[in-house]
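What follows is a single structure, written as structure tokens, with notes after it.
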Amino acid sequence: MKLQGLIIVYLFFPITLFISTLLPSLTNAAGGQWQLLRPSIGVSAMHMQLLNNDRVVVFDRTDFGLSNLSLPAGKCPKGFKDCTAHSAEYDVAANTFRPLTVLTDVWCSSGALTPDGTLIQTGGFNKGERRVRVFKPCGDTNCDWQEINLGLGVRRWYGTNHILPDGRQIIIGGRRQFNYEFYPKAKDNKVHDLPFLAQTTDPRIENNLYPFVFLNVDGNLFVYANNRAILLDYVRNQVVKTYPQIPGGDPRSYPSTGSAVLLPLKNIQARNVEAEVLVCGGAPKGSFTQALRGNFIPALNTCARIKITDPKPNWVVETMPSARVMGDMILLPNGNVLLINGAGAGTAAWELGRNPNFTPVIYRPGNKIGSRFELQNPTTIPRLYHSTAVLLRDGRILVGGSNPHPGYNFTGVLFPTELSLEAFSPSYLDNPNLRPRIVLPASQTKLKYSQTFTVRFRLTGTLDPNSVSTTMVFPSFATHSFSMNQRLLVLPTTGPVKNLGKSTYQVDVTTPGSGILAPSGYYLLFVVHREIPSQGIWVLIN
1 MKLQGLIIVY LFFPITLFIS TLLPSLTNAA GGQWQLLRPS IGVSAMHMQL
51 LNNDRVVVFD RTDFGLSNLS LPAGKCPKGF KDCTAHSAEY DVAANTFRPL
101 TVLTDVWCSS GALTPDGTLI QTGGFNKGER RVRVFKPCGD TNCDWQEINL
151 GLGVRRWYGT NHILPDGRQI IIGGRRQFNY EFYPKAKDNK VHDLPFLAQT
201 TDPRIENNLY PFVFLNVDGN LFVYANNRAI LLDYVRNQVV KTYPQIPGGD
251 PRSYPSTGSA VLLPLKNIQA RNVEAEVLVC GGAPKGSFTQ ALRGNFIPAL
301 NTCARIKITD PKPNWVVETM PSARVMGDMI LLPNGNVLLI NGAGAGTAAW
351 ELGRNPNFTP VIYRPGNKIG SRFELQNPTT IPRLYHSTAV LLRDGRILVG
401 GSNPHPGYNF TGVLFPTELS LEAFSPSYLD NPNLRPRIVL PASQTKLKYS
451 QTFTVRFRLT GTLDPNSVST TMVFPSFATH SFSMNQRLLV LPTTGPVKNL
501 GKSTYQVDVT TPGSGILAPS GYYLLFVVHR EIPSQGIWVL IN
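Set out below in structure tokens:
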């Protein structure tokens, strides 16, 4: 069979599904804890988004066959033979889930939150390729997906969404789409050409899908695809900077799937704020075609870091403790980065990953090079292709998914389909008695840009005022090893930490100055002491 035919087989083979539900269990060990929350939620977590009501929207593709999560009576769409759910809402506090109704195929789609906390989800496969889906969080069980037909100018499959300072979203790329567009649509509904995406694709492999996109502190967009990166002025549709390649030139985006984060933004009141991007893992050149032939090449064991605001930036390469492809990278509330999920060999796509990487790793960006990686306690569940991870308000990481075959297979395969949800508690939660606790402001507080406000917290033990910081994190949309819109800011303080007595303290901090630094929306606010974060509270900045 020709290579193109093999790729089609791996992308389109149909699926069936069977699941079961049990009770949570907990595994304790030094260096982090794993907790099995739900052995099954009925669907595999290909996509996940945390909402500001502490519920997580989870969804999978819709053409895999029947799931084990039935839609409630009256919710089966007219004319549908499949009356099972392919999306669910997970309630973090209650550890419960309920079915949601998604009408068109969301396979390998993308999304982002609006300033009011609504999830806008775009694209997919077949009838879903130009759909926009809207999920607005509510306080009961009545909210569900709403779909907008022809909400996109062109079909989007494997594209990337990013929120913008003006509240819109930009949707970049996708299979055979070398362009970008905005949502909500402009009056002219224009789709803008981006030749960079055509220049970074291999027609046989399309090794530039799900590009890594970050809003830079100058208002332009950093876009990384395949093995190259640019700075895009999306207003004028001009490339304003071309970055050097990571040494070695190996691909890092789908299907040679690495991951990337914008490192925490600090000193945000300075005239020239610095911004750095970290890219980790991926697969060497040729890995995808070799994997199709049954030869699974070891994944990349390197991270590369670049200061994208420098006039003449260069990548600095570091060696990870282990190789990783299809891994997720999560910004932790204390400014460190968690690497989790993935495989040690092969690539993304059906059955092409091998050697599951069970061990999470914490990357400490403030340490000297050579001392930045810290191993955590391993899981026992392989999380390969179509697995996800998101930060929760309580500081844990919700982990789900892994469906590495062209079908829902639970037996007779190397890595069975995973319908479970786990929570990973990083090592900063190993001693919960040392955590700060925010008592002011209240959750859901509304803030303005450049506003100074008081954060009051309680702390057991001796305070080190030099180790207190306040951070805010934007909740990301996770799919295919990339957390879209992930962003962490360290808020500047306007004075010393004050001791109010009775183990209570307060500090005055200032919000970012504009939507370029922090696009409008709901953020998780944390107090961090000695690298141990409090539980977060929700704040709305606009």
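The sequence shown: position 348 = 348 (full-length UniProt numbering), numbered continuously.
Idealized CB from N, CA, C, for every residue including glycine.
These numbers come from a predicted model, not from an experiment.
Burial state of residue i (16 or more Cβ within 10 Å)
{"i": "Ser427", "result": "buried"}
{"i": "Ser467", "result": "exposed"}
{"i": "Lys266", "result": "buried"}
{"i": "Arg204", "result": "exposed"}
{"i": "Gln376", "result": "buried"}
{"i": "Asp105", "result": "buried"}
{"i": "Leu414", "result": "exposed"}
{"i": "Cys303", "result": "buried"}
{"i": "Thr319", "result": "exposed"}
{"i": "Asn52", "result": "buried"}
{"i": "Phe80", "result": "exposed"}
Whole-angstrom distance between residue j and residue i, CA atom to CA atom
{"i": "residue 549", "j": "Tyr90", "result": "Since the first residue of the chain shown is 1 and the last is 542, residue 549 is not available in this structure."}
{"i": "Thr452", "j": "Val509", "result": "5 Å"}
{"i": "Pro99", "j": "Ala73", "result": "11 Å"}
{"i": "Ser25", "j": "Cys143", "result": "For Ser25, the predicted structure reports a pLDDT of 43, less than 50, and the residue's modelled location is therefore unreliable. A value from the coordinates is still provided. Using only the alpha carbons, I get a separation of about 30 Å."}
{"i": "Pro475", "j": "Ile330", "result": "10 Å"}
{"i": "Ala478", "j": "Val316", "result": "26 Å"}
{"i": "Thr417", "j": "Arg396", "result": "23 Å"}
{"i": "Glu351", "j": "Thr257", "result": "14 Å"}
{"i": "Arg131", "j": "Gly151", "result": "5 Å"}
{"i": "Leu440", "j": "Lys187", "result": "43 Å"}
{"i": "Ile297", "j": "Leu384", "result": "15 Å"}
{"i": "Met472", "j": "Phe526", "result": "6 Å"}
{"i": "Pro333", "j": "Leu488", "result": "8 Å"}
{"i": "Gly501", "j": "Lys190", "result": "59 Å"}
{"i": "Pro244", "j": "Gln199", "result": "15 Å"}
{"i": "Gly286", "j": "Ala518", "result": "38 Å"}
{"i": "Leu515", "j": "Ala283", "result": "Checking the sequence shown, residue 515 turns out to be Gly, not Leu. Answer to the nearest angstrom: the Cα atoms are 35 Å apart."}
{"i": "Gly124", "j": "Val102", "result": "12 Å"}
{"i": "Asn355", "j": "Lys448", "result": "48 Å"}
{"i": "Leu221", "j": "Leu231", "result": "5 Å"}
{"i": "Ser110", "j": "Cys138", "result": "22 Å"}
Chain-order list of residues whose beta-carbon lies under 6 Å from that of residue i (same chain, five-residue window excluded)
{"i": "Ser450", "result": "Gly513"}
{"i": "Pro184", "result": "none"}
{"i": "Thr309", "result": "Glu274 and Ala275"}
{"i": "Asp201", "result": "One point to set straight first is that residue 201 is Thr, not Asp, in the sequence displayed. If we look at Thr201 and ignore the five residues flanking it on each side, its Cβ neighbours are Asn208."}
{"i": "Met48", "result": "Val56, Val58, Thr388, Val390 and Ala478"}
{"i": "Pro365", "result": "Leu263"}
Boundaries (first-last residue) of the alpha helix (DSSP H) holding residue i
{"i": "Ala229", "result": "From DSSP, Ala229 is part of no alpha helix (DSSP H) but of the beta strand (DSSP E) over Arg228 to Asp233."}
{"i": "residue 629", "result": "Look at the range of the chain in this structure, 1 to 542, and you will see that residue 629 is not part of it."}
First and last residue of the uninterrupted beta strand (DSSP E) at residue i
{"i": "Phe59", "result": "Arg55 to Phe59"}
{"i": "Phe80", "result": "No beta strand (DSSP E) contains Phe80, which DSSP labels as neither H nor E."}
{"i": "Gln238", "result": "Gln238 to Tyr243"}
{"i": "Val217", "result": "No beta strand (DSSP E) contains Val217, which DSSP labels as neither H nor E."}
{"i": "Leu447", "result": "Thr445 to Leu447"}
{"i": "Pro99", "result": "Thr96 to Leu100"}
{"i": "Gly501", "result": "Lys498 to Gly501"}
{"i": "Ile330", "result": "Asp328 to Leu331"}
{"i": "Tyr90", "result": "Ser87 to Asp91"}
{"i": "Ile505", "result": "Correcting the residue type first, residue 505 is Tyr in the shown sequence and not Ile. Looking at the DSSP string, the run of the beta strand (DSSP E) that includes Tyr505 is Thr504 to Thr510."}
{"i": "Gln121", "result": "Leu119 to Thr122"}
Contact set for residue i: own chain, Cβ-Cβ below 8 Å, skip 5 residues either direction
{"i": "Ser503", "result": "Arg458, Leu459 and Thr460"}
{"i": "Leu463", "result": "Val497, Asn499, Tyr505 and His529"}
{"i": "residue 543", "result": "The requested residue 543 is not part of the displayed model; the chain covers only 1 to 542."}
Three-state secondary structure assigned by DSSP to residue i
{"i": "Phe526", "result": "strand"}
{"i": "Gln33", "result": "strand"}
{"i": "Gln269", "result": "coil"}
{"i": "Gly128", "result": "helix"}
{"i": "Thr289", "result": "helix"}
{"i": "Pro211", "result": "coil"}
{"i": "Phe196", "result": "helix"}
{"i": "Asn179", "result": "strand"}
{"i": "residue 549", "result": "No answer is possible for residue 549: the residues shown for the chain start at 1 and end at 542."}
{"i": "Ser427", "result": "helix"}
{"i": "Ser387", "result": "strand"}
{"i": "Asn336", "result": "coil"}
{"i": "Ser467", "result": "helix"}
{"i": "Asn161", "result": "strand"}
{"i": "Leu113", "result": "strand"}
{"i": "Pro298", "result": "strand"}
Contact set for residue i: own chain, Cβ-Cβ below 7 Å, skip 5 residues either direction
{"i": "Lys392", "result": "For clarity, residue 392 is Leu in the given sequence; the question names Lys instead. Only Leu50, Val92 and Leu398 meet the Cβ criterion."}
{"i": "Ile381", "result": "Glu418, Ser420 and Glu422"}
{"i": "Ser469", "result": "Val490 and Val528"}
Closer than 7 Å to chain D by CB, residue i
{"i": "Tyr449", "result": "No chain D is part of this structure, which consists of one protein chain only."}
Residue i: CB within 6 Å of a non-hydrogen atom of the ligand NAD
{"i": "Phe415", "result": "Although the ligand NAD was asked about, the structure shown includes no ligands whatsoever."}
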